[in-house]
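Residue numbers (my numbering), protein chains in the order written: chain A, 1 to 349; chain B, 1001 to 1502. Here's the structure we're looking at; comments come further down.
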Amino acid sequence: MKNKLVNILVPLVSILLAFVIGCVIMAALGANPFVALQSLFIGAFGSARNIGTTLARSTPLIFTGLCACFAYRCGVFNLGGEGQFIIGSIVCCFVATQSGIEGLPAILLCLALGALAGGLWAAIPGLLKIYRGQNEMIISIMLNYVATLLMGVVYTNWLRDGTVPQTAAVPDATKLSRLFGLRVTTAFVIALAAGLLIYYFLFHTSKGFQLRAVGLNMTAARFNGFAVKKYILMSFIVSGAIAGLGGSAELMGTQYRLINGFAAGYGFDGVAMALIGQLHPLATILVAIFFAVLRVGSTTMQAATGVPTSVSDIIQALVIVFTVAGLAMVKLPQFKAAVARMFSKKEAA
Amino acid sequence: MEEFLRMEHVSKRFGDFYANKDINLTVNKGEVLTLLGENGAGKSTLMNVLIGLYQPTEGSIYLNGQKVRIDSPAQAVKLGIGMVHQHFMLVEAMTVFENIILGDRNARGVFIDREARKKEILELSARYGLDVELDKPITEIAVGAQQRVEILKALYRGAELLILDEPSAALTDIEVEGLFKIMRKLTEEGKSVIFISHKMREVLHISDRITILRAGEVVTTLKREETDGQALANLMIGRELTPSQYEKAEQAGDPVIELRGVDFQKTSKHNGLNGVSLTVGRGEIVGIAGVDGNGQSQLAQVVTGVLTPDAGSVDMKGSRVAQFTPNGFILENVSHIPEDRNKMGLIGEMSVKDNIVLKSTGTPEFSSGGGFILKKKAIRGYALKMQEKYDIRCASIEQEARNLSGGNQQKVILARELENNPDLLVAVHPTRGLDIGATRFIHDTMIEARDRGCGVLLVSADFDEILEVSDRIIVMFEGQVMGVYPGKNPPIEEISLAMAGK
């Protein structure tokens, strides 16, 4: 119980601290921090349109966040979310623009193949780790570059549309439909569904239970008869599939074409979301939405008060730093002792 | 002979527990003093006091007749006390030379005069026959050479007294010979050596005097000429046979597991098995006695499917085991209380409840739809029942397992491993670190399992425990079976000699 409380308190306090420091910076820039923050939140929530934009912005972050979260739960580090996301979107782009299929069948096919492609891409570091003992973090990061450059070939050569280095747009019939006429699409619904499914799997099924056991103590899991290697490989594949699904959904829902900078940064953003969300899939979704708020709102803030959007970037970075540091701090024996002293004093009084 | 070190009435207390009590000990210049004792006899604590890692609770230490306070390892070095730990403290990526000068507090100036230093080191190494290649990185030299680097390091910092903690543990026989030559050379030059070992042969070979520790106290100090292996073993074990409170089973049932000629990394004396053959039958407890690190862990892991033997055969209930996987053995109804409960037995960050059902969440009792829907209520109900039956004391079954006391953690494992009436129970140090009550409970549970017809393989470094519950006793030394003895009226002297490798 106390643990759960700490798990929620640390990110909240971190966010608060990050905002306090953000305010100091804004004041130093000569702006009124309260006005600036107000415009930030209006930009993110002020109207149905703004909310729609925020949720649309959060969608890819949710996918990469869930991707990182799932692998971490099995005790392995998939830092290749971005590459898997891109591979998913490349496959989606081929199917959507080249196969001649359109509409719902094309959408379903794109989602399925995008997920499959992401999963296979993620299987590479998984297999190398299991059979060759390679470090999965390094391999998965390197594969991000491979995927990014591959995408470059796709939009500059293979599927280049005219003179501009970008692919043709997904046909209108294959675009994901918008919700209530806002920017947010069914991709967001798919992301939420994926989060719920992962949550159910991890906490309400026997396999999910065993996967968490593997993640928390691989040696004990092995001694207790779990096929540790199988779980590791499976977690990589599923984790990559989530990212690939996200790439597919992002292409059909928001960006429509592959272009330089597609998905840039989403992979590591996802890792941060998962860490701040304490590897809980539902919390990860909330964190992703929160980051989308900061990103969407900061544009309005800049327009209204002249505070540059980079202040919002600083706040985001501080949230990550504080949360990671905070979680490490509460695990320190000295910290635990201090808390215990505080509690015992209260009881004495 | 002139005295170098004297410890007077030194005690070290942790809470209510005396790790060392009223220790008196002297080391003369130019002699090898051996500290002999079982695991947990207090040798390491005493040495940690000497090198400044622990402060003694009482007593005083004299060097060259002067009373000294050793409040840090740096202070110990300054006073001329050097220690070579069993696990070497070397930076593997650095060269031998860099390791030797690393952390030398007498550094002169900012820059290192490599040539001058090298000359000093080479002089030392020639003087004591410590043959090392200064420019090779540690990773590229043999274990014996690494040890010479450790010794050289200590000497370079001016050690007059060298503590060698089980120095022969990792060495080959030839390397041990080399080590002994070096020790002789050191004592010839007037240096003193404290030698820690379990191995009777080596102890009798190299020591000038032998101090025997038992349960934190000095039993006696003997000159080598005054004693022999048998006498030392008796003093070290120091037991009269106390009748066991359990009825010993005299006849075992059908064999549950049978090992024939099992090898596992057999050239490794301390982590290997060399031609091990043994049988555990239904309804008997076979106790594996021996000093820690003579292949017992590997034995336990072979008979639970964690390790695959290099050679030999394992028969389980009459049929040959083809594939060694933990799950295969679990399906054969083998239960395992592993040696390290936190690392191997429990998922510390999961709850008591989750740990109790760890292996069985896929069964119809705890989930439906082929594991797709966990029956949380059933799991909870079962865990509560187990909590009561096995007397697991915790605030709630939702508490994280790592926050439980050792005894209660072990009971969680017992509840998981014994509730399905195993055919074979492999228990490794099941009561290590537990209090008397919990120990008693675990012994009772093992006896009950035996009486139900379960075969039990008990590995323990605690000789009392082996004597208390075993129906048969097997002694292991350097990966080999030294002998099989009856559990009823066991020949203690013979067993203790076998444990020391004779």
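Positions of the beta carbon are idealized from the N, C-alpha and C atoms, including for glycine.
Tell me which residues share the same chain as residue i and place their Cβ nearer than 8 Å to its Cβ, disregarding the 5 neighbours each side in the sequence.
i	result
A:F180	A48 and G52
A:Q166	Y155, R160, R257, L258, I259 and N260
B:M1344	P1338
B:S1496	A1233, N1234, M1236, I1237 and F1463
A:R73	L202, L211, R212, G215, S235 and L279
DSSP puts residue i in a beta bridge; with which residues?
i	result
B:R1127	Note: B:R1127 sits in no beta bridge, so no partner.
B:I1061	B:M1007 and B:V1068
B:F1477	B:Q1480
B:P1255	B:G1281
B:M1316	B:I1257 and B:S1319
A:I107	Answer is none; A:I107 lacks a bridge partner.
B:P1527	The structure shown does not extend to residue 1527 of chain B, since chain B is modelled only from 1001 through 1502, so no value can be given for it.
B:I1210	B:T1034 and B:L1222
B:E1217	B:R1214
B:F1264	B:L1273
B:N1028	B:E1003
B:S1545	Absent from the model: residue 1545 of chain B. The displayed extent of chain B is 1001 to 1502, so no value can be given.
In angstroms, rounded to a whole number, what distance separates the CA positions of residue i and residue j?
i	j	result
A:G43	A:F291	13 Å
B:I1138	B:L1102	13 Å
B:G1052	B:K1078	11 Å
B:K1536	B:I1210	This structure gives no information on residue 1536 of chain B, because the portion of chain B shown stretches from 1001 to 1502.
B:S1268	B:D1340	21 Å
B:I1141	B:L1162	22 Å
A:S298	A:L40	5 Å
A:F226	A:T284	27 Å
A:N144	A:L55	25 Å
B:D1113	B:V1475	54 Å
B:M1083	B:V1149	12 Å
B:A1461	B:L1346	22 Å
A:V311	A:L16	15 Å
B:I1492	B:Q1230	11 Å
A:I232	A:A263	26 Å
A:S344	B:I1392	26 Å
B:D1451	B:G1261	29 Å
A:L61	B:K1359	35 Å
B:E1258	B:N1408	32 Å
B:A1116	B:E1008	41 Å
A:K4	A:V91	41 Å
A:L108	B:P1326	41 Å
Please go through the same chain and pick out, in chain order, the residues whose beta-carbon is closer than 6 Å to the beta-carbon of residue i, but skip the five residues on each side of it.
i	result
A:M1	In this prediction, A:M1 has a pLDDT of 48, which is less than 50 and means its spatial position is unreliable; nothing more can be read from the coordinates.
B:A1311	D1263
B:A1300	V1426, V1428 and V1459
B:V1143	A1170
B:F1195	V1032, T1034 and L1164
B:D1135	T1095
A:F209	none
List the residues of chain A whose Cβ lies closer than 8 Å to the Cβ of residue i, in chain order.
i	result
B:T1361	S206, F209 and Q210
B:K1343	N217, T219 and A220
B:S1367	T205 and S206
B:I1330	N224 and G225
Near residue i, which residues of its chain fall below 7 Å by C-beta distance, leaving aside the five closest residues on each side in sequence?
i	result
A:P308	Q302
B:S1168	V1176, L1179, S1197, K1199 and E1202
A:R132	none
B:L1204	R1224 and G1229
B:G1370	none
Under 7 Å between beta-carbons, which chain A residues line up against residue i? List them in chain order, please.
i	result
B:G1371	T205, S206 and K207
B:K1411	Result: empty, since nearest Cβ-Cβ is about 16 Å, beyond 7 Å.
B:I1392	Within chain A, no residue comes near B:I1392; the closest Cβ sits about 18 Å away, beyond 7 Å.
Could you tell me which chain A residues have their CB closer than 9 Å to the CB of residue i, listed as they occur along the chain?
i	result
B:F1374	One detail in the question is off: residue 1374 of chain B reads as Leu in this sequence, not Phe. Within 9 Å Cβ-Cβ: F203, H204, T205, S206, G208 and F209.
In chain B, which residues lie less than 8 Å from residue i when you measure between Cβ atoms?
i	result
A:F223	T1304, V1306, P1326, H1336, P1338, M1344 and G1345
A:A352	Only positions 1 to 349 of chain A appear in this structure, which leaves residue 352 of chain A out of reach.
Name the chain B residues that come within less than 7 Å of residue i, Cβ to Cβ?
i	result
A:A213	I1347, M1350 and L1358
As an exercise, report each continuous alpha helix (DSSP H) stretch of at least 4 residues that is fully enclosed by the region 1139–1192 of chain B, in chain order. Counting only runs of 4 or more residues that sit fully inside the region 1139–1192 of chain B, the alpha helix (DSSP H) segments are 1143–1156 and 1173–1188, in chain order.
Taking the runs of the alpha helix (DSSP H) that are 4 residues or longer, which of them lie wholly in the region 1431–1474 of chain B? Runs found: 1436–1451 and 1463–1469.
Would you list, in sequence order, the uninterrupted alpha helix (DSSP H) runs of no fewer than 4 residues that lie entirely inside the region 231–312 of chain A? Along the length of the region 231–312 of chain A, whole alpha helix (DSSP H) runs at least 4 residues long occupy 266–276 and 281–305, reported in chain order.
Ignoring anything shorter than 4 residues or poking outside the region 159–221 of chain A, list the alpha helix (DSSP H) runs there in chain order. Counting whole runs of 4 or more residues, the region 159–221 of chain A contains the alpha helix (DSSP H) stretches 186–204 and 206–216.
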